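Trainee: Numbering (this note's numbering), first residue to last: 2 to 85.
Idealized CB from N, CA, C, for every residue including glycine.
From a predicted model like this one, the values you see are computed outputs, not experimental measurements.
1. Do residue 47 and residue 22 have their beta-carbon atoms positioned less than 8 Å apart in this structure?
2. Taking the straight line between their C-alpha atoms, what separation do you get for residue 41 and residue 4?
3. Please name the residue in 18, 72, 8, 31 whose C-alpha comes closest to that of residue 54.
4. Taking just the CA atoms, how far does residue 67 sit from residue 14?
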């Protein structure tokens, strides 16, 4: 029963990913006729989806780093003003 539940949650996650790819990244617009070109189009769509995820994570990390750096420098200047 536990294995069945895990399989179901995995299936839902995969279906959600394909649904997102269809809506946001144009996977539903594939109009190629040959099987080889269809598979290539799908692979490229998945690749672009992964690139957008990586880009989002890098941007979030940079924003957190910038916020940390900014807060740290602001605290240093605030301490210097109090000491003066």
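Mentor: With the given structure in hand:
1. Numbered from its first residue, the chain shown carries residue 22 at position 21. Numbered from its first residue, the chain shown carries residue 47 at position 46. The Cβ-Cβ distance between residue 22 and residue 47 falls below 8 Å.
2. Along the chain shown, one-based indexing puts residue 41 at 40. Along the chain shown, one-based indexing puts residue 4 at 3. Straight-line Cα distance between these residues: approximately 33 Å.
3. Position 53 of the chain shown, counting from 1, holds the residue named residue 54. Closest in alpha carbon position to residue 54, among 18, 72, 8, 31, is 18.
4. What you label residue 14 is simply residue 13 of the chain shown in a count that begins at 1. What you label residue 67 is simply residue 66 of the chain shown in a count that begins at 1. Those two C-alpha atoms are separated by around 33 Å.
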